[in-house]
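Colleague:
Chains as they are written, first to last, in the numbering used here: chain A, 24 to 437; chain B, 144 to 596.
#1: According to DSSP, is residue 472 of chain B helix, strand or coil?
#2: Below 6 Å CB to CB, which residues in the same chain sit around residue 168 of chain A once its five sequence neighbours on both sides are set aside?
#3: What residues of chain A sit near residue 152 of chain B, judged by a beta carbon separation below 8 Å?
#4: Give the range of the beta strand (DSSP E) segment to which residue 559 of chain B is assigned.
#5: Less than 8 Å separating the beta-carbons of residue 190 of chain A and residue 232 of chain A?
#6: Output the boundary residues of the beta strand (DSSP E) element that contains residue 544 of chain B.
#7: Which runs of the beta strand (DSSP E), 3 residues or longer, sit entirely within the region 165-209 of chain B?
#8: Taking Cβ-Cβ distances below 7 Å as the criterion, which residues of the region 189-213 of chain B are in contact with chain A?
#9: Would residue 152 of chain A be called buried (16 or more neighbouring beta carbons within 10 Å of its own) or exposed?
#10: In chain order, what residues of the region 94-108 of chain A put their CB closer than 9 Å to some CB of chain B?
#11: Could you tell me which chain A residues have their CB closer than 7 Å to the CB of residue 176 of chain B, listed as they occur along the chain?
#12: Need the endpoints of the alpha helix (DSSP H) that residue 175 of chain A sits in, please.
#13: In chain B, which residues lie less than 7 Å from residue 169 of chain A when you measure between Cβ atoms?
#14: Quick one: is residue 46 of chain A buried, meaning 16 or more other Cβ sit within 10 Å of its Cβ, or exposed?
#15: Using 8 Å for Cβ pairs, my map puts residue 529 of chain B next to residue 386 of chain B. What's the rounded Cβ distance?
#16: Could you tell me whether the Cβ of residue 48 of chain A comes closer than 8 Å to any Cβ of chain B?
#17: Using 8 Å as the threshold, is the C-beta distance between residue 193 of chain A and residue 207 of chain A below it?
#18: If you draw a straight line from the alpha carbon of residue 355 of chain B to that of residue 342 of chain B, how long is it in whole angstroms?
#19: If you compare alpha carbons, which of B:561, B:451, B:568, B:570 is closest to residue 585 of chain B?
#20: Counting only Cβ-Cβ distances shorter than 7 Å, please list the residues of the region 331-343 of chain A near chain B, keeping chain order.
#21: Which chain B residues are close to residue 223 of chain A, counting only those with a beta carbon under 7 Å from its beta carbon?
#22: Could you check how far apart the C-beta atoms of residue 490 of chain B and residue 482 of chain B are, in whole angstroms? I think they sit under 8 Å.
#23: According to the Cβ coordinates, are residue 96 of chain A and residue 293 of chain A closer than 8 Å?
#24: Is the beta carbon of residue 251 of chain A sitting closer than 8 Å to the one on residue 313 of chain A?
#25: With which residues is residue 133 of chain B paired in a DSSP beta bridge?
#26: With a cut-off of 8 Å, do at least 3 Cβ pairs link the region 341-358 of chain A to the region 139-152 of chain A?
#27: Please classify residue 408 of chain B: does DSSP put it in a helix, a strand, or coil?
#28: Residues of chain B with a CB under 8 Å from the CB of residue 424 of chain A: which are they?
#29: What residue from B:532, B:502, B:554 has the CA that sits closest to residue 510 of chain B's CA?
#30: Run down chain B in chain order and give the residues with a C-beta less than 7 Å from the C-beta of residue 43 of chain A.
#31: Strictly below 7 Å CB to CB, what residues from chain B border residue 184 of chain A?
#32: With C-beta atoms as the reference, is residue 495 of chain B less than 8 Å away from residue 456 of chain B?
#33: Whose C-beta lies closer than 7 Å to the C-beta of residue 239 of chain A among residues of the same chain, with five residues either side of it excluded?
#34: Report the three-state DSSP secondary structure of residue 392 of chain B (helix, strand or coil).
#35: Under 8 Å, with one C-beta from each stretch per pair, do the region 568-577 of chain B and the region 417-427 of chain B reach the 3-pair mark?
#36: So residue 501 of chain B and residue 329 of chain A are in contact, right, with Cβ under 8 Å, and what is the actual spacing, rounded?
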């Protein structure tokens, strides 16, 4: 067993030839360090390296485009940190930090075309950013005033799904619909912009791969050739459970069992994530879907603000991953290979601080939604039952004295 | 303008949190998102960033106090002017004023929004005409007028009248099991909620003297305080029990005349090299342990039951048991045997300061090979220390104090310290344990001996 990745579980001819448990566990992480199975275009040291399979898909990324990717990641990280602070100040009920996963999300998000559809889990703040959703629009969910305020059809970004892995079913169904409606595999003529071909991207984590919904999604997508990119951000931890409690094969290899390709990409390398996702989307749009992408990354903060990772993982693991920071390597590359000056980085920093200030201000000023809001979008065209409930609820609220005659301290939710 | 920062719920449904350490003091300038305090909840230790920029006016909660979520913990003077019409803030302002007169901490602790302050908007009086007749809904149906008024104000105004007062389901179950009528109790919890303690107190009262019903909350029956076992306490308990029942402990004692060592310490303290470090007797003990362990490697080893092997360590990873506000933790000095006395002293100073402030990283708590516990700092002469699991020996250092001592057949006053060494008899025999302890004693009695080793 020289290469653990060549190991295919089968009945061994000679019992000794079975890999040891340690061998198998090592394989879950082995591609993290210079393994040919890991697609990488930017090393942690910021050096642009070549990958004959995927270089082509990042060929158009010049200095300006790379600067845009850098800017995306810095802004996303900045508002993520601000949201974390707002939770600690009692302004949000909970926050789900994306720290460390900026490259995995920005790379995938920027690979999409406007017509592609996205089904996120609940950590995809970076992907939301690339779909043009203002970060302030995410706040309602975490402040408990809204279930998500953006229009999923207009933004092509579904509402956050909290149930782990559940969105794989929705995404697969949606992608099957794209296929049934003939929006896959159309010949692109000279004057066409290619927008008649679509794909779906489904985001989930390493923990979700253990869910039945994900398995079902894989099965259906495979047998219906659905144009869906299953984009798994393997951030190594499902709350407190490590990947070795999810799988005995590297996650991207699971795709083979369903009959579609799986690729492992350095999830902290925004360029590689962009290239691999572009490839995967092209496969799907041309009718070769589905595809599994495992973005190998790391959750540098807690699972959520309610979690304390110091109780289950050692600090040195985090220190190790800090050396692979997704933003730092782009910064180094911009300086070394594109001679980008300090001014650019200062500008981005200033822009991110301004974004954070606007984000904070919006959070503090957020009005509670009108009481009838929760009845508004239950059905597309209304329903007598819901209408009656709305009327009853509004009448109930009307039975109170007006706001001015508050009997006690304000601000206390009932 | 004075702004107060209320204890947030940092973990989905927590009701209280303990203030562990303040990182700022009154008068300090703070910026938005500057870390100002560390708190500990049932779920996690968390650093809180400041929501306002300004000057710290007052810390409203002392470290070590647990306060309910919503209680103000710090007041910050911000640059912005107070709003002209302070109408909605009036209520809160009055409370703060009262608190200031009454004394800072006493009144503000336990002051959250919940105790008695869950107030609802008044209902329109029943005599008034209904504000809006049930509005016609688009499909022509009407809201049924016979629907029960679920938020009946009667219930809110006189809680004792009919319905059972608020209590959580497990508490209701407990009351039922103990035969306590919840209606007879006054809740001491937030918003008048009946707590487990209320029910238990009532049960205790009714058991002892069945006559007086519903005496106003008697939480001090028997003067018992119950605290959940958690965090460091739980980890300590598990480690100690596992150690005590796995490793056969032997403890040996030795009283040592450390007069020479203390004299050496005083001389060294005056030198430039030691100007920057706090040279404690513990540093000498640590040095002596490292030197002695070189002659008795059995004490720097561990018993690997699973592998059926004894593991001897080349280096000494020296654990120092430290009492911290959160309980006992044992951070390690790495490769202590390679350090000079000065380096040891510096490392110990840093280690204990980090531990006391609760910032010891998890990585510093694992992988020890030998432990020193300095019970002397509590004025105690000696004890029988329990091994840190996985280690072969542990040394307790008692108080260093003047004692009668026989020198050359004469009684003299010398500086004396008691040492106690516990070792795992599975891998350390009496001979080795005794030699090790005697070596430490000899080095502390005559530090010059170190030259000869």
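The C-beta atom is built at its ideal place from N, Cα and C for all residues, glycine as well.
From a predicted model like this one, the values you see are computed outputs, not experimental measurements.
Modeller: Taking the coordinates as given:
#1: Walking along the second chain from the start, residue 472 of chain B turns up at place 329. Note: residue 472 of chain B maps to strand in three-state DSSP.
#2: Here the question's residue 168 of chain A lines up with position 145 in the first chain. Closer than 6 Å at the Cβ level, and outside the excluded window around residue 168 of chain A, lie 391, 392.
#3: The sequence position of residue 152 of chain B within the second chain is 9, counting from 1. Result: 113, 116.
#4: On the second chain, residue 559 of chain B is found 416 positions in, with the first residue counted as 1. Residue 559 of chain B -> beta strand (DSSP E) spans 553-567.
#5: Position 167 of the first chain, counted from the start, is the residue given in the question as residue 190 of chain A. Position 209 of the first chain, counted from the start, is the residue given in the question as residue 232 of chain A. No, Cβ-Cβ distance for residue 190 of chain A and residue 232 of chain A is not below 8 Å.
#6: To locate residue 544 of chain B, count along the second chain from 1; it is residue 401. 544-550 is the span of the beta strand (DSSP E), which, as asked, contains residue 544 of chain B.
#7: 178-183, 188-192, 197-202
#8: 189, 191, 192, 194
#9: Position 129 of the first chain, counted from the first residue, corresponds to residue 152 of chain A. Its Cβ being crowded by 16 or more others within 10 Å, residue 152 of chain A is buried.
#10: 104, 105, 107, 108
#11: Against the second chain, residue 176 of chain B aligns to sequence position 33. Within 7 Å Cβ-Cβ: 108.
#12: On the first chain, residue 175 of chain A is found 152 positions in, with the first residue counted as 1. It spans 175-178 - the alpha helix (DSSP H) in which residue 175 of chain A sits, taken as one unbroken run.
#13: Working through the first chain from its first residue, we reach residue 169 of chain A at position 146. Those do not exist, as residue 169 of chain A stays about 17 Å from chain B at its closest Cβ, beyond 7 Å.
#14: Here residue 46 of chain A is taken as the residue at index 23 of the first chain, counted from 1. Exposed.
#15: The count along the second chain starts at 1 and reaches residue 529 of chain B at position 386. The count along the second chain starts at 1 and reaches residue 386 of chain B at position 243. Right, the Cβ-Cβ distance comes to about 5 Å (below 8 Å), so this counts as a contact.
#16: Stepping through the first chain from its first residue, residue 48 of chain A is reached at position 25. No, its Cβ sits nowhere closer than 8 Å to a Cβ of chain B.
#17: Taking the first chain and counting its residues from 1, the one referred to as residue 193 of chain A is at position 170. Taking the first chain and counting its residues from 1, the one referred to as residue 207 of chain A is at position 184. The answer is no: Cβ separation not under 8 Å.
#18: What you label residue 355 of chain B is simply residue 212 of the second chain in a count that begins at 1. What you label residue 342 of chain B is simply residue 199 of the second chain in a count that begins at 1. Because residue 355 of chain B sits at a pLDDT of 42, beneath the cut-off of 50, its placement in the model cannot be relied upon, and the following sentence gives the value as read from the coordinates. Approximately 15 Å, taken between the alpha carbons.
#19: Stepping through the second chain from its first residue, residue 585 of chain B is reached at position 442. Of the candidates B:561, B:451, B:568, B:570, the one whose C-alpha sits nearest the C-alpha of residue 585 of chain B is B:561.
#20: Those residues of the region 331-343 of chain A placed with their C-beta closer than 7 Å to a C-beta in chain B are 331, 333, 337, 338, 339, ordered along the chain.
#21: Locating residue 223 of chain A in the first chain gives position 200, where the first residue counts as 1. Against residue 223 of chain A, chain B offers no close residue; the least beta-carbon distance is about 31 Å (beta-carbon pairs closer than 7 Å).
#22: Taking the first residue of the second chain as position 1, residue 490 of chain B is located at position 347. Taking the first residue of the second chain as position 1, residue 482 of chain B is located at position 339. Separation of the CB atoms of residue 490 of chain B and residue 482 of chain B is rounded to 6 Å, and the pair is thereby assigned contact status at 8 Å.
#23: Residue numbering aside, residue 96 of chain A sits at position 73 when the first chain is read from its first letter. Residue numbering aside, residue 293 of chain A sits at position 270 when the first chain is read from its first letter. In this structure, residue 293 of chain A lies closer than 8 Å to residue 96 of chain A by Cβ.
#24: On the first chain, position 228 is the one that residue 251 of chain A refers to. On the first chain, position 290 is the one that residue 313 of chain A refers to. Yes.
#25: The requested residue 133 of chain B does not occur in the structure, where chain B is confined to residues 144 to 596.
#26: no
#27: As a first step, residue 408 of chain B must be located in the second chain, where it is residue number 265. It is helical.
#28: Counted from its first residue, the first chain places residue 424 of chain A at position 401. Residues of chain B whose Cβ lies closer than 8 Å to the Cβ of residue 424 of chain A are, in chain order, 264, 265, 266, 267.
#29: Stepping through the second chain from its first residue, residue 510 of chain B is reached at position 367. When each option's Cα is compared against that of residue 510 of chain B, the closest is B:532.
#30: Looking up residue 43 of chain A in the first chain gives position 20. What residue 43 of chain A touches in chain B: nothing, since even the nearest Cβ is about 16 Å away.
#31: Along the first chain, read from residue 1 onward, the residue named residue 184 of chain A stands at position 161. Chain B residues near residue 184 of chain A: none, gap ~18 Å exceeds 7 Å.
#32: On the second chain, residue 495 of chain B is found 352 positions in, with the first residue counted as 1. On the second chain, residue 456 of chain B is found 313 positions in, with the first residue counted as 1. No, the Cβ-Cβ distance between residue 495 of chain B and residue 456 of chain B is not below 8 Å.
#33: As a working mapping, residue 239 of chain A is identified with position 216 in the first chain. These residues qualify, in order along the chain: 192.
#34: Residue numbering aside, residue 392 of chain B sits at position 249 when the second chain is read from its first letter. Three-state DSSP puts residue 392 of chain B in a strand.
#35: Contact fails: fewer than three Cβ-Cβ distances are below 8 Å.
#36: Mapped onto the second chain, residue 501 of chain B falls at position 358. Mapped onto the first chain, residue 329 of chain A falls at position 306. Wrong, their Cβ atoms sit about 20 Å apart, outside the cutoff.
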